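A.B. asks: For the first sequence, the UniProt record's numbering puts the final residue at 786, and the numbers step up evenly by one.
Heads up, the beta-carbon is just placed ideally off N, CA and C, and yes, glycines get one too.
Bear in mind that the values here come from a model prediction, so they are computed numbers and not experimental data.
Encoded as structure tokens, here's the structure I'll be asking about.
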Amino acid sequence: MNFIKALNHKPAFKPSINLSILEAHLPKCQSPKQLNQVLSQMIFTGFIRDTFAASRVLKCSADSPFVHIDHSLQIFNHIENSNGFIWNTMMRAYVQRNSPEKAICLYKLMLDRNVGCDNYTYPILVQACTIRLSEFEGKELHNQVFKTGFDSDVYVQNTLINMYAVCGNMGDARHLVDESPVLDSVSWNSILAGYVQIGDVDNAKYIYGMMPERNTIASNSMIVLFGRTGRLIEALQLFNEMPEKDMVSWSALISCYEQNEMYEEALVLFMKMKANGIMVDEVVVVSVLSACAHLSLVKTGKIIHCLVVKIGIESYVNLQNAFIHMYSTCGDIIAAQKLFNGGCHLDQISWNSMISGYLKCGSVEIAKKLFDSMPNKDVVSWSAMISGYAQHDHFSETLALFQEMQLDGLSPDETTLVSVISACTHLAALDLGIWIHAYIKKNGLKVNVILGTTLIDMYMKCGCVENALEVFYGIEEMWVSTWNALILGLAINGLVDKSLDMFSEMKRCGVVPNEITFMGVLGACRHMGLVDEGYRHFNSMIQEHKIEPNIKHYGCMVDLLGRAGMLKEAEELIETMPMAPDVATWGALLGACKKHGDNKMGERVGRKLIEFQPDHDGFHVLLSNIYASKGNWDGALEVRGMMMRHGVVKTPGCSMIEAKGVVHEFLAGDKAHPWMKEIEDKLDEIAKKLKMEGYAPDTNEISLDIDQEEKETSLFRHSEKLAIAFGLIAISPPTPIRIMKNLRICNDCHAAAKFISRAFNREIVIRDRHRFHHFKQGSCSCTDYW
DNA sequence: ATAGGGTTAG
Numbered sequence: 001m002n003f004i005k006a007l008n009h010k011p012a013f014k015p016s017i018n019l020s021i022l023e024a025h026l027p028k029c030q031s032p033k034q035l036n037q038v039l040s041q042m043i044f045t046g047f048i049r050d051t052f053a054a055s056r057v058l059k060c061s062a063d064s065p066f067v068h069i070d071h072s073l074q075i076f077n078h079i080e081n082s083n084g085f086i087w088n089t090m091m092r093a094y095v096q097r098n099s100p101e102k103a104i105c106l107y108k109l110m111l112d113r114n115v116g117c118d119n120y121t122y123p124i125l126v127q128a129c130t131i132r133l134s135e136f137e138g139k140e141l142h143n144q145v146f147k148t149g150f151d152s153d154v155y156v157q158n159t160l161i162n163m164y165a166v167c168g169n170m171g172d173a174r175h176l177v178d179e180s181p182v183l184d185s186v187s188w189n190s191i192l193a194g195y196v197q198i199g200d201v202d203n204a205k206y207i208y209g210m211m212p213e214r215n216t217i218a219s220n221s222m223i224v225l226f227g228r229t230g231r232l233i234e235a236l237q238l239f240n241e242m243p244e245k246d247m248v249s250w251s252a253l254i255s256c257y258e259q260n261e262m263y264e265e266a267l268v269l270f271m272k273m274k275a276n277g278i279m280v281d282e283v284v285v286v287s288v289l290s291a292c293a294h295l296s297l298v299k300t301g302k303i304i305h306c307l308v309v310k311i312g313i314e315s316y317v318n319l320q321n322a323f324i325h326m327y328s329t330c331g332d333i334i335a336a337q338k339l340f341n342g343g344c345h346l347d348q349i350s351w352n353s354m355i356s357g358y359l360k361c362g363s364v365e366i367a368k369k370l371f372d373s374m375p376n377k378d379v380v381s382w383s384a385m386i387s388g389y390a391q392h393d394h395f396s397e398t399l400a401l402f403q404e405m406q407l408d409g410l411s412p413d414e415t416t417l418v419s420v421i422s423a424c425t426h427l428a429a430l431d432l433g434i435w436i437h438a439y440i441k442k443n444g445l446k447v448n449v450i451l452g453t454t455l456i457d458m459y460m461k462c463g464c465v466e467n468a469l470e471v472f473y474g475i476e477e478m479w480v481s482t483w484n485a486l487i488l489g490l491a492i493n494g495l496v497d498k499s500l501d502m503f504s505e506m507k508r509c510g511v512v513p514n515e516i517t518f519m520g521v522l523g524a525c526r527h528m529g530l531v532d533e534g535y536r537h538f539n540s541m542i543q544e545h546k547i548e549p550n551i552k553h554y555g556c557m558v559d560l561l562g563r564a565g566m567l568k569e570a571e572e573l574i575e576t577m578p579m580a581p582d583v584a585t586w587g588a589l590l591g592a593c594k595k596h597g598d599n600k601m602g603e604r605v606g607r608k609l610i611e612f613q614p615d616h617d618g619f620h621v622l623l624s625n626i627y628a629s630k631g632n633w634d635g636a637l638e639v640r641g642m643m644m645r646h647g648v649v650k651t652p653g654c655s656m657i658e659a660k661g662v663v664h665e666f667l668a669g670d671k672a673h674p675w676m677k678e679i680e681d682k683l684d685e686i687a688k689k690l691k692m693e694g695y696a697p698d699t700n701e702i703s704l705d706i707d708q709e710e711k712e713t714s715l716f717r718h719s720e721k722l723a724i725a726f727g728l729i730a731i732s733p734p735t736p737i738r739i740m741k742n743l744r745i746c747n748d749c750h751a752a753a754k755f756i757s758r759a760f761n762r763e764i765v766i767r768d769r770h771r772f773h774h775f776k777q778g779s780c781s782c783t784d785y786w
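Structural data, given as structure tokens:
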């Protein structure tokens with residue numbers, strides 16, 4: 001709209017116009033169109049030359065949120081005989097519409113044109129500097145205020161105090177207060193707000209004490225300050241002593257509780273507030289919803305939602321976001337989704353909490369779709385998605401997303417790294433794990449308890465006991481889980497004595513063991529066949545620590561007894577345990593029967609297990625091997641027939657080995673690897689050397705009725721042997737050859753690995769389904785008990 | 001002569 005267009009509008013009323021008619025019409029002007037009608041009338045009659053009348057029209061235009069600022073500027077530019085009031089109006093319009101720099105430009109023009117500034121000019125300009133957080137320009141203004149003498153105006157002074165306080169320059173703010181002869185309650189509140197903002201309790205208390213009269217705003221600010229600095233008692237005391245509490249006072253105290261994680265107290269106070277008939281606004285509801293989210297009180301959240309609708313404040317954006325967060329945190333993803341789909345101006349937290357909400361209820365794919373469609377992903381979004389993948393066992397995706405996050409230029413925080421390290425643990429990706437540990441050190445991230453525990457677990461489950469211990473001794477705080485990772489880790493790495501020592505040390509430090517601790521302790525005993533010691537811990541668990549053993553503890557004991565050859569005792573324990581034994585319990589006994597050659601019991605248990613779980617390949621294989629080891633080929637063939645009928649396929653042995661950051665996979669009998677020729681040559685070399693060392697292949701476990709030579713060949717194609725041969729070629733000493741196997745290592749491979757470690761002077765570490773085997777100079781850390 | 005300015009809670 002411009003003046004030419006304005007002229008085309010029909011005059012709204014008769015040609016005669018005066019101030020009283022204008023004053024009567026202006027308040028009714030709601031739209032640019034109506035304003036233009038008045039304007040055209042004024043131009044038509046020449047009334048626009050009346051400076052006072054023109055200033056009234058400009059003010060009306062500037063104050064209307066529906067009129068564009070450029071339109072006001074056109075009016076401004078056409079006003080003849082402008083004055084300070086008109087310039088002030090224009091500058092204020094710019095500040096109000098968040099263009100403080102344009103207000104400052106106008107001020108410079110004002111000085112050039114010698115338009116007189118007045119005491120109203122400076123508060124506007126100081127406010128402009130405050131919005132820009134430009135203390136430099138503010139100081140410049142302060143000088144000019146000083147020269148013009150407007151510093152005696154309390155309004156001018158208060159905006160200056162506020163400006164310094166908002167910029168954090170409490171020295172200059174305080175100087176103004178100390179020197180001023182004209183202080184009103186706003187002056188005091190402004191300087192107080194500055195101290196509250198920087199958390200300076202001493203100076204805030206001093207100012208509050210100096211105030212000639214305490215007003216509610218000042219007391220409210222003090223409550224906020226006490227809350228932010230954790231002084232709940234002082235906040236409550238002040239609240240109780242206040243003669244007049246307003247909505248903000250209640251809201252401030254509720255927010256104190258909320259920020260100090262006293263969520264119940266926050267909710268109780270909110271109920272009290274409502275019972276006292278105090279008005280509720282969107283600000284206090286946000287605090288209360290956060291409390292509901294933390295307490296997972298979705299019902300209370302819903303009641304508050306009804307209240308919000310009843311009082312008609314549900315359309316506040318902040319409230320919508322808070323409700324989305326509350327619902328998704330409480331697991332009511334349906335309610336969250338409804339708001340999310342209908343919401344506008346959703347903030348980052350809403351997106352992030354929707355992603356977490358979907359992940360929490362297991363909808364990984366939906367979460368990923370939302371994540372992909374998200375406009376701005378922050379560290380929290382990435383972290384939520386990465387840890388969601390890890391929690392749902394999508395470990396490769398976890399690592400892939402982590403790489404993507406870094407390509408996106410974002411730095412992971414401690415929370416993200418915990419998930420990534422845990423994925424490394426599951427994939428035995430030691431190189432990446434070591435890289436992340438180095439990243440943590442390089443970037444000065446704090447190894448907190450959780451991160452430390454995760455690292456210990458990772459190193460232990462990758463067979464790096466030394467590194468795990470280094471982390472353990474380097475962290476400040478230890479939880480039960482930290483000790484558990486250590487005890488369990490030492491046990492699976494064959495350091496049983498050290499594991500049990502650490503259990504004593506843990507108790508000596510006053511840490512109370514839990515049921516997971518005893519999985520580690522009993523596991524340690526199992527790995528060394530310490531039957532008596534195992535029983536002692538099992539009993540102390542019940543009597544001393546009042547922990548009811550679960551089915552896994554019983555399974556562990558059955559395994560301990562069975563492996564030690566006490567098959568009868570093991571079976572008795574199964575029959576007397578207080579809960580129904582599961583497949584794993586019987587499976588442990590079957591393994592023991594195989595180890596100790598008890599074919600009668602083995603057949604009985606094996607058949608029971610196959611009946612129990614006809615699709616389990618391991619039990620069939622064990623039973624068939626039991627028959628084969630005693631030359632009962634009919635039995636073995638029958639089991640193989642059952643497997644065929646049930647469609648059970650034997651899981652092929654698979655070994656993984658990481659070389660130069662790449663994971664290589666070998667299956668039993670595999671010929672697919674590009675280096676197969678070199679690997680076969682190496683296997684021949686190994687075979688020759690081993691024969692010289694006196695190694696004889698152990699063909700007992702091969703159930704196929706094939707001749708001896710073929711048996712030996714197939715034995716020599718076991719996946720772990722292929723991996724060892726590859727490791728000898730691809731990994732240069734003294735780096736140990738680290739291999740992860742999906743099944744348990746077989747007798748022959750175990751014997752061969754021992755020989756190889758001596759003949760080639762190489763350390764070999766094999767992680768099988770159950771534990772680690774560290775082969776060094778012809779012996780294994782498991783002391784051949786496994 | 002007349003009009004217009006600042007502060008607090010998440």
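How about residue 248 and residue 225: do their beta carbons lie closer than 9 Å?
C.D. replies: Here residue 248 refers to the residue found at position 248 of the first sequence. Here residue 225 refers to the residue found at position 225 of the first sequence. It is not a contact, given that the beta carbons lie outside the stated cut-off.
A.B. asks: Identify the continuous beta strand (DSSP E) that holds residue 658 and give its terminal residues.
C.D. replies: Sequence index remark: in the first sequence, residue 658 carries index 658 (1-based). Unbroken beta strand (DSSP E) run through residue 658: 654-659.
A.B. asks: Going by the CB atoms, is the gap between residue 763 and residue 773 shorter than 9 Å?
C.D. replies: Your numbering for residue 773 matches position 773 in the first sequence. Your numbering for residue 763 matches position 763 in the first sequence. Against a cut-off of 9 Å, the Cβ pair of residue 763 and residue 773 comes out as no contact.
A.B. asks: Buried or exposed: which applies to residue 536, given that a residue is buried once 16 or more other Cβ atoms fall within 10 Å of its Cβ?
C.D. replies: Reading the first sequence from its first residue, position 536 is the one you call residue 536. When all chains shown are included, residue 536 counts as exposed.
A.B. asks: Give the straight-line distance between the Cα atoms of residue 790 and residue 57, rounded to the nearest whole angstrom.
C.D. replies: Outside the shown range of the chain (1 to 786) lies residue 790, about which nothing can therefore be said.
A.B. asks: Could you check if residue 513 is buried or exposed, using at least 16 other CB atoms within 10 Å of its CB as the buried criterion?
C.D. replies: Your numbering for residue 513 matches position 513 in the first sequence. Classification for residue 513: buried.
A.B. asks: So the candidates are 363, 559, 372, 695; which of them puts its Cα closest to the Cα of residue 581?
C.D. replies: The residue labelled residue 581 in the question sits at position 581 within the first sequence. Comparing Cα-Cα distances from residue 581 to each of 363, 559, 372, 695, the minimum goes to 559.
A.B. asks: Who pairs with residue 665 in a beta bridge, going by DSSP?
C.D. replies: Taking the first sequence and counting its residues from 1, one reaches residue 665 at position 665. 656.
A.B. asks: The beta strand (DSSP E) with residue 772 in it runs from where to where?
C.D. replies: As a first step, residue 772 is located in the first sequence; it is residue number 772 there, counting from the start. From DSSP, the beta strand (DSSP E) with residue 772 extends over 772-776.
A.B. asks: The alpha helix (DSSP H) that contains residue 405, what's its start and end?
C.D. replies: Position 405 of the first sequence, counted from the first residue, corresponds to residue 405. Per DSSP, residue 405 belongs to the alpha helix (DSSP H) from 395-407.
A.B. asks: Please say whether residue 618 and residue 651 have beta carbons closer to each other than 9 Å?
C.D. replies: In the first sequence, the residue the question calls residue 651 occupies position 651. In the first sequence, the residue the question calls residue 618 occupies position 618. A contact, by the Cβ cut-off of 9 Å.
A.B. asks: Output yes or no for whether 9 Å exceeds the beta carbon distance between residue 117 and residue 84.
C.D. replies: Looking up residue 117 in the first sequence gives position 117. Looking up residue 84 in the first sequence gives position 84. Yes, the Cβ-Cβ distance between residue 117 and residue 84 is below 9 Å.
A.B. asks: What does the alpha-carbon distance come out to for the pair residue 480 and residue 438?
C.D. replies: Taking the first residue of the first sequence as position 1, residue 480 is located at position 480. Taking the first residue of the first sequence as position 1, residue 438 is located at position 438. Using only the alpha carbons, I get a separation of about 25 Å.
A.B. asks: Buried or exposed for residue 648, please, with buried defined as at least 16 other CB atoms from any protein chain shown within 10 angstroms of its CB.
C.D. replies: On the first sequence, position 648 is the one that residue 648 refers to. Answer is buried; the Cβ neighbour count reaches 16.
A.B. asks: Would you decide whether residue 27 is buried or exposed? Buried here means 16 or more other CB atoms lie within 10 Å of its CB.
C.D. replies: Locating residue 27 in the first sequence gives position 27, counting from the first residue. Exposed, by the Cβ-count rule.
A.B. asks: Give me the Cα-Cα distance between residue 404 and residue 426, rounded to the nearest whole angstrom.
C.D. replies: For the purposes of this step, residue 404 is taken as the residue at position 404 of the first sequence. For the purposes of this step, residue 426 is taken as the residue at position 426 of the first sequence. Distance between the alpha carbons of residue 404 and residue 426: 20 Å.
A.B. asks: Could you tell me which residues DSSP pairs with residue 583 in its beta bridges?
C.D. replies: Looking up residue 583 in the first sequence gives position 583. None; residue 583 has no bridge partner.
A.B. asks: Tell me the rounded alpha-carbon separation between residue 786 and residue 434.
C.D. replies: As a first step, residue 786 is located in the first sequence; it is residue number 786 there, counting from the start. As a first step, residue 434 is located in the first sequence; it is residue number 434 there, counting from the start. The straight-line gap from Cα to Cα measures roughly 29 Å.
A.B. asks: Just mark residue 123 as buried or exposed, buried being the case when its beta carbon has 16 or more other beta carbons within 10 Å.
C.D. replies: Here residue 123 refers to the residue found at position 123 of the first sequence. It is buried - the Cβ of residue 123 has at least 16 other Cβ atoms within 10 Å.
A.B. asks: Helix, strand or coil, according to DSSP, for residue 279 in the structure here?
C.D. replies: Indexing the first sequence from 1 puts residue 279 at position 279. Coil at residue 279, not helix or strand.
A.B. asks: Determine whether the beta carbon atoms of residue 759 and residue 686 lie at a separation below 9 Å.
C.D. replies: Counting from 1 along the first sequence, the entry for residue 759 is found at position 759. Counting from 1 along the first sequence, the entry for residue 686 is found at position 686. Yes, the Cβ-Cβ distance between residue 759 and residue 686 is below 9 Å.
A.B. asks: Here's the rule I'm using: 16 or more other beta-carbon atoms within 10 Å means buried, otherwise exposed. How should residue 68 be labelled?
C.D. replies: In the first sequence, counting from the first residue as 1, residue 68 sits at position 68. So residue 68 counts as exposed.
A.B. asks: Verify whether the separation of the beta carbon atoms of residue 471 and residue 447 is less than 9 Å.
C.D. replies: As a first step, residue 471 must be located in the first sequence, where it is residue number 471. As a first step, residue 447 must be located in the first sequence, where it is residue number 447. Yes.
A.B. asks: Can you look up residue 313 in the DSSP assignment and give me helix, strand or coil?
C.D. replies: The residue given as residue 313 occupies position 313 in the first sequence. It is coil, neither helix nor strand.
A.B. asks: Determine the contact status of residue 547 and residue 515, defining contact as a CB-CB distance below 9 Å.
C.D. replies: Along the first sequence, read from residue 1 onward, the residue named residue 547 stands at position 547. Along the first sequence, read from residue 1 onward, the residue named residue 515 stands at position 515. Cβ distance < 9 Å, so residue 547 and residue 515 count as in contact.
A.B. asks: To the nearest angstrom, report how far apart residue 254 and residue 293 are at their CA atoms.
C.D. replies: Here residue 254 refers to the residue found at position 254 of the first sequence. Here residue 293 refers to the residue found at position 293 of the first sequence. Cα to Cα, residue 254 sits roughly 15 Å from residue 293.
A.B. asks: Please state the DSSP three-state secondary structure of residue 139.
C.D. replies: In the first sequence, residue 139 corresponds to position 139, counting from 1. Correct three-state label for residue 139: helix.
A.B. asks: What is the DSSP secondary structure of residue 354, reduced to helix, strand or coil?
C.D. replies: On the first sequence, residue 354 is found 354 positions in, with the first residue counted as 1. Three-state result, residue 354: helix.
A.B. asks: Quick check on DSSP: helix, strand or coil for residue 765?
C.D. replies: Locating residue 765 in the first sequence gives position 765, counting from the first residue. Note: residue 765 maps to strand in three-state DSSP.
A.B. asks: Return the CA-CA distance between residue 500 and residue 487, expressed in angstroms with no decimal places.
C.D. replies: Here the question's residue 500 lines up with position 500 in the first sequence. Here the question's residue 487 lines up with position 487 in the first sequence. About 7 Å.
A.B. asks: Going along the chain, which residues of its own chain have a beta-carbon closer than 7 Å to the beta-carbon of residue 356, five neighbours each way excluded?
C.D. replies: Numbered from 1 along the first sequence, position 356 holds the residue referred to as residue 356. Cβ within range, chain order: 328, 384.
A.B. asks: Report the three-state DSSP secondary structure of residue 741 (helix, strand or coil).
C.D. replies: Along the first sequence, one-based indexing puts residue 741 at 741. Residue state, collapsed to three classes: strand.
A.B. asks: Tell me which residue opens and which closes the alpha helix (DSSP H) that residue 48 is part of.
C.D. replies: For this step, residue 48 is matched to residue 48 along the first sequence. Taken as a continuous stretch (DSSP letters only), residue 48 belongs to no alpha helix (DSSP H), as it is neither H nor E.
A.B. asks: With 16 as the cutoff for other CB atoms within 10 Å, does residue 159 come out buried or exposed?
C.D. replies: As a position in the first sequence, residue 159 is number 159, starting the count at 1. Buried.
A.B. asks: Select from 288, 232, 776 the residue whose C-alpha is nearest the C-alpha of residue 735.
C.D. replies: Indexing the first sequence from 1 puts residue 735 at position 735. Comparing Cα positions, the closest option is 776.
A.B. asks: Can you find the residues in the same chain that come closer than 8 Å, C-beta to C-beta, to residue 770, ignoring five residues on each side of it along the sequence?
C.D. replies: As a working note, residue 770 is residue 770 in the first sequence. Once the five neighbours on either side are set aside, the close Cβ partners of residue 770 are 492, 744, 786.
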